[in-house]
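Report on the structure given below.
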Amino acid sequence: MKRKLLYIFLTFIFCITALTSYSQQQRFPKPEFSSGYEQPDVVTPEPRSGGFEYLDVAVLLVVLSLAAWFALRKRSRQGILWLSVFTLVYFGFYRNGCICSVGSFQNITLSFFDAGYSVSISTLLFFLLPLIFALFFGRVFCAGACPLGAIQDLLIVKPLSLPKWLNKTLGLIPYIYLALAVLFAATGTDFIVCRYDPFVGIFRMDAKFHMIVLGISFLLMGMFVARPYCRFLCPYGVLLSWMSRFSKWHLTITPSLCIKCKLCTTSCPFDAIDFPVNEKEIVQSGPGTKKFIVYAMLIPLWIVAGAFVGERSHLYLSRANQNVYLAELLISDPEIKNDPDNIDVQTFLESGKTMETLVEEAEVMRGQFKTGSMIAGGFIGLVIGLTLINTTVFRKRQDYVPHRGNCLSCGRCMDYCPVEK
Amino acid sequence: MSEKNEIIERIFARKGIIAVGLAVFGLALAGSFFTNDYLKKFNIDTVAAADKDSTEVEQVEVIEVIPATEVPEAEQQPAGDEIPAQSEEEATVAEQEVEQAVTEKPAAEIVNAPVKLTASLLRNNHNSFRGPFGLGVIYHKNIPVEWDGNTGKSVLWKTPVPKPGFNSPVIWDDKIFLAGADENNREVYCFNRSDGKLLWTGKAGNIPGSPSSPPRVTEDTGLSAPTVTTDGKGVYAIFATGDIVAFNMDGQRIWAKNLGVPDNHYGHSSSLITWDNKLFVQYDTNKGGKIMALETADGETVWETGRKSKISWASPVLVEVDGAYQLLLTADPIVAGYDVSSGKELWSVECMMGEVGPSVAYSNGIVFAANEYARMVAIDIKTKEILWEQDMYLPEASSPLAHNGLVIVATSYGVLACYDAKTGDQHWEHDVGTTLYSSPVTADGKLFLIDNEGVMRVYEFSKEMKLLKENELGEAAGTTPAFANGRIYIRGEKHLYCIGN
């Protein structure tokens, strides 16, 4: 416990130092040019030059390998913990949270839909390596290689166990976030996962005030609801979860046979331990097969409903796109042209592009959003349907085991198990 | 957690998922019902019409002013040694021609129809910084010499100027023009000369290439330092953003363009001047100097001549030499003349240095150029010979005045000095003790100079120093007054004043 408090103390000191540096940076504003040029807000840091981007890939590979080794072979929570600290320092504060596997799926998505956009090998590897490792070893990326997870993990103080129904319900959010992120990335509108990354501002010590507040809020919440971003928002976690469910090897609570001592039941701050199933109770609870069939038949209905809602929603979703937003703004409020403070409008006017061209481009974009929103809505409907059907399925289980999809492979439960090899 | 609880949890989970799913779909649907598809409402004709209406409505603005009594038109008897006199009949005919053009022709035709500016036409107006040709020599008579802005004595009217600017008023017929700008807007104002009523406000916005935020300028230069110019068919203005814009006399915008944001650490301040249907722009910036001539009708470049000069804040002056007009420019290091038709550099003398703000003076074939911390030189325009030079009293912002064998210099530290134009000998000096940024002008045999505190001193224009009157405006000033028909028009810090007997 003392050691844990020490880690928390050190992490707080680190965050406070970062915030102090941030405030000092604000004391000295960025230079302004006499030409009137305004420096835009930095969304991403400078790209890595030359071979350094491959150094990052190599570091990721080493960290993932070590995380897998610590979780599966060494069974060392201590090792995973120090690996998290390294990840936080290197990928978080040193690399400013970029390049990041969590947001990389947006680059991959855009490259599929925009022939003029190509992803670098390093981006592709940052996207694929954690998934490949998850396919073989479970979510070891979440355990020790994700800076977003690391900063939350190190600040867990007194995790509360959430009811399963709440975990399941909140677990829908990452799917919705994933669907929207793919939609916006595919249309070239925005990389929302990066834009609204709550911790990247802390890593870079430079972000808009509301994002800093959001990041700190997540950290404060994370003291009691462990890793809230990872569990209830992270869209990349959805992909990792899928892979991990089929992982060849996975972290186990016990190194040998489970003696059902129940010591591990309160060890997981993420409620990711599945308990043994009492078949007798399940049989007594009612006709499971009937429920399964009903919910299975409802899946197409959920998909159609989702697609319909998506189609209806494309109008306002498409407004996130700059061209659609500008065109609608200029049509709905022509007087806005005379507002010199509206930089978007003034930039458009200075570009020399005609209104007709802008509207044409906006209509094309809206068409893409219509199709994309229908697919995204259908996907969300499918997820709801499958999650419902999942609640009717009971798998035979006699031991206390980590949930393969939800387990973040942090290794906490291993320390609670009294069984030795 | 027991296995029984697991079953209950699953039931709750089902309900929760269904509730959340329906809530998400419901909210999304509700959002769609409140969303308008503006793209479907797009109609290019409607938008164009709206733009037109908006322009028409916004550009005309009238404000209440202090009522004034109409003053009879003063006698317009041109005088001077450099420019031949114009008869009353000629002046009347010229004025009638311009007036007829303004009242009868549609806006586009008015601007596209060339107007032949003549020296006599300019002398009856005050169409540029320092009056006709930018020389500081005024040909109007019966100019008042005594007033008091505090008590209202001889102040015929006083009207607020909407936005600040260090540019000076210019006059054409019954209209006075000024420019003003702040961080957000750049505007040109037209006032009625008889009662000071704001007739229209021309906006210099939505110009392709114009920066989204104005360049950084110093407080004593501002974003609207250059004085506008007019040729009786159009009004032309330039701002520190590099935006140059033309309006017709009724306030309709004719053309506008951005010349590129001038790289100028104080702010662009070179005033415009027009002649022969061309608008001349001195564009000396930190990236090099150039002089441009634009078509007054459409803003197209007629010619552009690069200058081997550094940045400057001086304004071009027009002079006639051997029957042909040329532009006189001064900057570090050259004082030079350019042919108004072709832009060709006719002559240049390397004699100037520093950050040149004062424009040149000209009289009887001699060009007078000066700058603080440098020197003042008298150059024979034909031989390029430097006739004399002095470095006793040098101007910083105020431009020298040459007329009737005298050269007047006003220093920023408050000394007004008079030199002999031919020899450079000093006739007199007067330490007024206040900052002098305004340029001296001569009218009706007198010398007028207003200091930065708004006190205008009236001297006899002679070799002897004779201060006739000191008149307080009642607010700070720093621009150069305009004159017309027995009246003086002064731009104070916040108001435009009309002084008359």
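Residue numbers (our numbering), protein chains in the order written: chain A, 1164 to 1584; chain B, 9 to 509.
Each residue gets a CB set at the ideal place from its N, CA and C atoms; glycine is no exception.
Take Ile416/B and list the residues in its own chain whose beta-carbon comes closer than 6 Å to its own, dropping the five residues that flank it on each side.
Around Ile416/B: Leu409, Cys426, Pro448.
Return the bridge partner residues of Asn294/B from the DSSP annotation.
Answer is none; Asn294/B lacks a bridge partner.
Compare the Cα-Cα distances from Thr1534/A to each of Val1363/A, Pro1322/A, Leu1480/A and report the closest residue.
When only C-alpha atoms are compared, the closest one is Leu1480/A.
So, at 6 Å on beta carbons, what are the nonlocal neighbours of Leu1229/A in its own chain, with the 5 sequence-adjacent residues on each side left out?
Only Leu1246 meet the Cβ criterion.
Take Tyr1563/A as the anchor and find which of Leu1545/A, Asn1553/A, Val1582/A, Ile1552/A has the nearest alpha-carbon.
Comparing Cα positions, the closest option is Val1582/A.
Strictly below 7 Å CB to CB, what residues from chain A border Leu37/B?
By Cβ distance, chain A contributes Val1472, Arg1475.
Which value, in whole angstroms, describes the spacing of the CA atoms of Asp1369/A and Gly351/B?
Cα to Cα, Asp1369/A sits roughly 52 Å from Gly351/B.
Return the first residue and the last residue of the alpha helix (DSSP H) that Arg1529/A is part of.
Start and end: 1518-1553.
Which whole-angstrom value is the C-beta distance of Ala536/B and Lys286/B, which I expect to be below 8 Å?
Only positions 9 to 509 of chain B appear in the structure, and residue 536/B is not among them; the question remains open.
Which residues in the same chain as Ser218/B place their Cβ atom closer than 6 Å to its Cβ, once the five residues preceding and following it in sequence are excluded?
Same-chain partners within the cutoff: Thr249, Asp251, Asn266.
What do you get for Pro1398/A, buried or exposed, if any count of 16 or more other CB atoms within 10 angstroms of its CB means buried?
It counts as buried.
Does DSSP classify His1373/A as helix, strand or coil?
Helix.
Nearest by alpha-carbon distance to Gly1385/A: which of Leu1335/A, Leu1426/A, Phe1354/A, Ile1319/A is it?
That would be Ile1319/A, whose Cα lies nearest to the Cα of Gly1385/A.
Provide the residue span of the beta strand (DSSP E) that contains Asp251/B, from first to last.
Asp251/B -> beta strand (DSSP E) spans 251-256.
Can a CB atom of chain A be found closer than 8 Å to the CB of Tyr46/B?
Judged by the 8 Å Cβ criterion, Tyr46/B is in contact with chain A.
In terms of DSSP beta bridges, what is Gly314/B paired with?
Paired residue(s): Lys298/B.
Any residues in the region 1235-1251 of chain A with a beta carbon nearer than 7 Å to a beta carbon of chain B? Which ones, in chain order?
Answer set for the region 1235-1251 of chain A: empty.
Which whole-angstrom value is the C-beta distance of Ala1483/A and Ala1525/A, which I expect to be below 8 Å?
Rounded, the Cβ-Cβ distance is 12 Å, inconsistent with contact.
So is Thr391/B buried or exposed if we call it buried at 16+ other beta carbons inside 10 Å?
Exposed, since its Cβ has fewer than 16 Cβ neighbours within 10 Å.
Pro448/B by DSSP, collapsed to three states: which one?
Pro448/B falls in the coil class under three-state DSSP.
Please name the residue or residues paired with Glu397/B in a DSSP beta bridge.
Answer is Val385/B, bridged to Glu397/B.
Using the Cα positions of Arg1238/A and Trp1232/A, report the straight-line distance between them to the nearest angstrom.
If you take the alpha carbons of Arg1238/A and Trp1232/A, they lie about 8 Å apart.
Could you please give me the residues that DSSP links to Tyr426/B through a beta bridge?
Residue identity differs from the one stated: residue 426/B is Cys in this sequence, not Tyr. In the DSSP output, where bridge partners are listed per residue, Cys426/B has Ile416/B, Trp436/B.
Are Leu457/B and Leu424/B close, meaning C-beta to C-beta below 8 Å?
In this structure, Leu424/B lies closer than 8 Å to Leu457/B by Cβ.
Would you say Arg22/B lies against chain A (beta-carbon separation less than 8 Å)?
It does; some Cβ of chain A falls within 8 Å.
I want to see whether chain A comes within less than 8 Å of Asp433/B, judged by CB atoms only; does it?
Closer than 8 Å: no.
Check the Cβ-Cβ distances between Arg18/B and every residue of chain D, and say whether any is below 8 Å.
In the structure shown, chain D cannot be found, because the protein chains are A and B.
Just to confirm my understanding: we take Glu353/B, look at its own chain, exclude 5 residues before and 5 after, and list those with CB closer than 6 Å. What are they?
Closer than 6 Å at the Cβ level, and outside the excluded window around Glu353/B, lie Ala344, Tyr346.
Could you give the residue range of the alpha helix (DSSP H) that holds Gly1307/A?
Note, Gly1307/A: premise wrong, no alpha helix (DSSP H); not H, not E.
When the Cα of Asn44/B is compared with those of Val1546/A, Tyr1579/A, His1477/A, Ile1506/A, which residue comes out closest?
For the residues Val1546/A, Tyr1579/A, His1477/A, Ile1506/A, the minimum Cα distance to Asn44/B belongs to His1477/A.
When the Cα of Asp1437/A is compared with those of Asp1578/A, Phe1276/A, Arg1558/A, which residue comes out closest?
Closest by alpha carbon: Arg1558/A.
Taking only beta carbons into account, state which residues of the region 1507-1529 of chain A come closer than 7 Å to chain B, listed in chain order.
Those would be Gln1509, Thr1510, Leu1512, Glu1513, Gly1515, Met1518, Glu1519, Val1522, Ala1525, Glu1526, Arg1529, in chain order.
Count the other CB atoms within 10 Å of the CB of Trp1405/A; is the residue buried (16 or more) or exposed (fewer)?
Exposed.
Closest Cβ-Cβ distance between Ser62/B and chain A: below 8 Å?
Unreliable positioning characterises Ser62/B in this predicted model, as indicated by a pLDDT of 45, which lies under 50. The coordinate reading is nonetheless provided below. For Ser62/B, the answer is yes, since a Cβ of chain A falls inside 8 Å of its Cβ.
Leaving aside the five residues before and after Val1522/A along the sequence, list all residues of the same chain whose C-beta is less than 6 Å from its C-beta, in chain order.
Hits under 6 Å: Ala1490.
Looking only at its own chain, which residues have a Cβ that is under 7 Å from the Cβ of Trp155/B, when we skip the five neighbours before and after it?
Answer for Trp155/B: Lys161, Ser162, Val163, Asn479, Ile507, listed in chain order.
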